[in-house]
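Let me begin by presenting the structure, written as structure tokens, before commenting on it.
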Amino acid sequence: MRKFTKQSGLVMPLDRANVDTDFIIPKQFLKSIKRSGFGVNLFDEHRYLDKGEPGRDNSQRPLNPDFVMNQPRYKGASVLLARENFGCGSSREHAPWALDDYGFRVIIAPSYADIFFNNCFKNGILPIVLERKIVDSLFAAVEAEEGFELTVDLEEQKIALPSGESIAFEVDSFRKYCLMNGLDDIGLTLKDADKIKHFEQNWRAASPWYFGVQG
Amino acid sequence: MAGKTLYDKLWDSHLVTQRDDGTALIYIDRQLIHEVTSPQAFEGLRLAGRLPWRADANFATPDHNIPTTKDERQQGLEGIKDPVSRIQVTTLDDNCREFGIFELDMNDERQGIVHVVGPEQGATLPGMTIVCGDSHTSTHGALGALAHGIGTSEVEHVMATQCLLQTKMKNMLIRVDGRLNPGVTAKDIVLAIIGEIGTAGGTGYTIEFGGEAIMSLSVEGRMTVCNMAIEAGARAGLIAVDQTTLEYIKGRPFAPKGEMWEQACVAWRELVSDSDAHFDRVVVIDAADIIPQVTWGTSPEMVAPITGEIPDPDKESNSSRAANMRQALKYMGLKPGTKITDIQLDCIFIGSCTNSRIEDLRAAAAVVKGHKVAATVEMALVVPGSGLVKKQAEAEGLDKIFIEAGLEWREPGCSMCLAMNADQLGAGKHCASTSNRNFEGRQGFGGRTHLVSPAMAAAAAINGHFVDVRDMLLTQDR
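Written as structure tokens, this is what we have:
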């Protein structure tokens, strides 16, 4: 996994609560058996005016001028500012894959759906939770100032604003450690292989009905 | 010391190791696999040169991309017209063969929606921990199993280590007291619950559903309730084990037999929350207050009783909620103050992992029997959840009732719940759907979904607009 230490970037606001994973990446793109290439279809149903299909040349499709992503001032954004319950719905990891492929490295929102939140950390994306009031003030600041950038320092757990002020945020220590070191969960878990084997042996003895019964 | 909740018991019995920072490794008894969220996980194993920790703990069936017309299905894999979909389905077959994983493939009579097939085969058992790369894995909690949806990285992690990295959730109890009124079903219960607590109300919790109204439900009904726990934000829903649970499981292919069955039952009877267990949040609902529910917006919490009307965003004091309502009404093409019964429908979908089991089909058939689908309804699909549900329904003559009434009787799969196959709702069309999500574009680009119970969808099919199914049932009784 790519390491995450510090990220400076342009902020794109998405002023809408309960953005679901169908919104982030519609179902027809889930047919891919790869992890990459979803960025051009991120927010597809809102970003384009027509219906997207896998394999289509997206450069020929009509863009929705009203959608925030299509405003030139947000081109190249790597920080997504969002609202409550971001990423609800389907468990599709294609949602963080699409955000990442487009170039988003940080999401800031008052709350997330659990599965999506978890999936972000597995893909080198940092989802930050901030109080609603602070998120409101960031929306106002982004709106007011073209080219509004933030610098997110994971080690310090701080977001630096252009004004010089900074906002502290919380992050689970284990997830922070994995992100900062770009660690693969599987390798880490397999360090505990003996504990897993020991557990499994006892569990098999206590509950043999969960092992090896085949239809 | 306070007693344990059912969730506490399931967690404790599967805890492999707890780290100082609060994260834990939880042993996983069963992983269910479908074609959409698994290919990248298998690829990850291959790239790292890893093998599944325990191949026999995995159980696969394709469902999302599967065509549902008889003609297509008779052609086997060739019947999947979209080459990208076909590759995904054959990739699952290839991966299962390569890694020695049990699969009910597309041509197997027992194939179907993974959340219907798992319990049907006894691959879901009480006391298990179950994962699947699909958020509706919460369904399996209906049998007293700790089951939740995971992402593809976690699918790979479970394949490689038989464990899931987790932090413990909080405990929530939703108790539905008393008895349901006639014509009110499990779907109405869960929609009413989501209307009450909201789509993020269960975030961070495991929800146990209890109370007389829940425990009076069949296992099929319990699955409908737990299925939609995720729509309330909870990754897992749970229902205590009782005699109904054990009777459902007995004799199923993957269930233990003989002496082992008896031993298992002794252990499974313990799978209830202790009477002095502590819940972090308790919500109590009176079953008598629940009447058939219909969603009018683009989030499952945007729901109203059939006797109600579409609410007015101008009267909503919370400004962010009012904005969401306006956005939803614009997308749905509906106006505040419209009676729910005045919503006209173009399409009917009876199916999905929420409502495609035999009991659901019986409920729908009972309503349409002897009637005809309204002329204004352009498409009405009945999609059984599995090949065995289909077979059972045909043995009971339900297929004939649907066909005579003018509904299409299809082959099993996820179908128009998420429209990854050819079954798609047209732009601007209104659909009465027994599925679980009414998000923008969910059933097809620009499609407008209204979530309802199977009986309500059937009643809407006949009338071309929503009606209170209780009125129809009353007329039939007379």
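In order, the protein sequences belong to chains F and W. Mapping the first sequence onto the numbering used here, position 138 (from 1) lands on 138, and the numbers just tick up by one. Count along the second sequence from 1, then add 1000; that gives the number in the numbering used here. Just so it is clear, CB atoms sit at the ideal spot from N, CA and C, and this is done for glycine as well.
Taking 6 Å as the limit between beta carbons, can you name the residues of its chain near residue i, skipping five residues before and five after?
{"i": "F/Phe121", "result": "Arg175"}
{"i": "W/Gly1183", "result": "Val1469, Arg1470, Leu1473"}
{"i": "W/Val1382", "result": "Ile1350, Phe1402, Leu1407, Trp1409"}
{"i": "W/His1014", "result": "Ile1026, Tyr1027, Thr1129"}
{"i": "W/Asp1020", "result": "none"}
{"i": "F/Phe23", "result": "none"}
{"i": "F/Val135", "result": "Pro110"}
Below 8 Å on the Cβ atoms is my guess for residue i versus residue j; work out the distance and round it to an integer in Å.
{"i": "W/Ser1435", "j": "W/Ser1352", "result": "4 Å"}
{"i": "W/Leu1125", "j": "W/Leu1146", "result": "No, W/Leu1125 and W/Leu1146 are not in contact; Cβ-Cβ is about 12 Å, not under 8 Å."}
{"i": "W/Leu1217", "j": "W/Val1241", "result": "So it is not a contact: roughly 14 Å between Cβ atoms."}
{"i": "F/Cys88", "j": "F/Ala113", "result": "4 Å"}
{"i": "W/Ala1287", "j": "W/Leu1451", "result": "That pair is no contact at about 20 Å."}
{"i": "W/Leu1513", "j": "W/Thr1090", "result": "Residue numbering for chain W in the displayed model covers 1001 to 1478; residue 1513 of chain W lies beyond these limits and cannot be assessed."}
{"i": "F/Ser111", "j": "F/Glu84", "result": "5 Å"}
{"i": "W/Pro1454", "j": "W/Ala1363", "result": "5 Å"}
{"i": "F/Phe139", "j": "F/Leu183", "result": "Between F/Leu183 and F/Phe139 the Cβ distance is about 33 Å, and since that is not below 8 Å, they are no contact."}
{"i": "W/Cys1226", "j": "W/Phe1254", "result": "In fact, because the Cβ distance is near 19 Å, the residues do not count as touching under 8 Å."}
{"i": "W/Val1389", "j": "W/Gly1118", "result": "Not confirmed; about 13 Å, so no contact."}
{"i": "W/Ala1432", "j": "W/Ala1457", "result": "5 Å"}
Please state whether DSSP places residue i in a helix, a strand or coil.
{"i": "F/Lys158", "result": "strand"}
{"i": "W/Phe1402", "result": "helix"}
{"i": "W/Gln1166", "result": "strand"}
{"i": "W/Val1158", "result": "helix"}
{"i": "W/Asp1108", "result": "coil"}
{"i": "W/Leu1191", "result": "helix"}
{"i": "F/Asp66", "result": "coil"}
{"i": "W/Arg1073", "result": "helix"}
{"i": "W/Thr1295", "result": "strand"}
{"i": "W/Ile1066", "result": "coil"}
{"i": "W/Asn1394", "result": "Reading off the sequence, residue 1394 of chain W comes out as Glu, not Asn. In the structure shown, W/Glu1394 sits in a helix (DSSP, three-state: H, G or I)."}
{"i": "W/Asn1058", "result": "strand"}
{"i": "W/Thr1185", "result": "coil"}
{"i": "W/Gly1237", "result": "strand"}
{"i": "F/Asp184", "result": "coil"}
{"i": "W/Gly1003", "result": "strand"}
{"i": "F/Ser125", "result": "For clarity, residue 125 of chain F is Ile in the given sequence; the question names Ser instead. Residue state, collapsed to three classes: coil."}
{"i": "W/Ser1386", "result": "strand"}
{"i": "W/Lys1335", "result": "coil"}
{"i": "F/Gly215", "result": "Any reading at F/Gly215 is ruled out, since the residue's pLDDT is 47, under 50, leaving its predicted position unreliable."}
{"i": "W/Arg1478", "result": "Confidence at W/Arg1478 is low in this model, with a pLDDT of 45, below 50, so the placement of that residue should be treated as unreliable; the coordinate-derived value is given next. W/Arg1478: coil per DSSP, three-state reduction."}
Identify the continuous alpha helix (DSSP H) that holds residue i and give its terminal residues.
{"i": "F/Ile196", "result": "193-206"}
{"i": "W/Ser1013", "result": "1006-1014"}
{"i": "W/Pro1083", "result": "1083-1099"}
{"i": "F/Asp20", "result": "F/Asp20 -> no alpha helix (DSSP H), and no H or E assigned at all."}
{"i": "W/Ala1458", "result": "1454-1463"}
{"i": "F/Ala98", "result": "94-102"}
{"i": "W/Leu1361", "result": "1358-1368"}
Could you check if residue i is buried or exposed, using at least 16 other CB atoms within 10 Å of its CB as the buried criterion?
{"i": "W/Leu1191", "result": "buried"}
{"i": "F/Pro96", "result": "buried"}
{"i": "W/Glu1120", "result": "buried"}
{"i": "W/Gly1444", "result": "buried"}
{"i": "W/Met1001", "result": "exposed"}
{"i": "F/Tyr177", "result": "exposed"}
{"i": "W/Ala1060", "result": "buried"}
{"i": "W/Val1266", "result": "exposed"}
{"i": "W/Asn1065", "result": "buried"}
Using a Cβ-Cβ cut-off of 7 Å (strictly less than) and excluding sequence neighbours within five positions of residue i, which residues of its own chain qualify?
{"i": "W/Gly1211", "result": "Arg1175, Val1176, Asp1177"}
{"i": "F/Gly215", "result": "Any reading at F/Gly215 is ruled out, since the residue's pLDDT is 47, under 50, leaving its predicted position unreliable."}
{"i": "W/Ile1197", "result": "Ala1232, Val1283"}
{"i": "W/Val1116", "result": "Cys1353, Ser1356, Arg1357, Gly1385, Ser1386, Val1389"}
{"i": "W/Pro1256", "result": "Ala1264"}
{"i": "W/Ile1194", "result": "Met1228, Glu1231, Ala1232, Pro1300, Glu1301, Val1303"}
{"i": "W/His1465", "result": "Thr1341, Asp1342, Ile1343, Gln1344, Leu1345"}
{"i": "W/Arg1478", "result": "No answer about W/Arg1478 holds up, because its pLDDT of 45 lies below 50 and its placement is not dependable."}
Output the boundary residues of the beta strand (DSSP E) element that contains residue i.
{"i": "W/Ala1149", "result": "The question names Ala, but residue 1149 of chain W in the sequence shown is Gly. 1146-1149 is the extent of the beta strand (DSSP E) around W/Gly1149."}
{"i": "F/Lys6", "result": "6-13"}
{"i": "W/Tyr1205", "result": "1205-1210"}
{"i": "W/Ile1033", "result": "1030-1033"}
{"i": "F/Val79", "result": "79-81"}
{"i": "W/Pro1305", "result": "1303-1305"}
{"i": "W/Cys1347", "result": "1347-1350"}
Give me, in chain order, the residues of the same chain whose beta-carbon lies closer than 8 Å to that of residue i; leave out the 5 immediate sequence neighbours on both sides.
{"i": "W/Ala1057", "result": "Ile1028, Asp1029, Arg1030, Gln1031, Gln1162"}
{"i": "W/Gly1133", "result": "Ile1033, His1034, Val1036, Thr1037, Ser1038, Ala1041, Gly1149, Ile1150, Gly1151, Thr1152, Glu1154, Val1155"}
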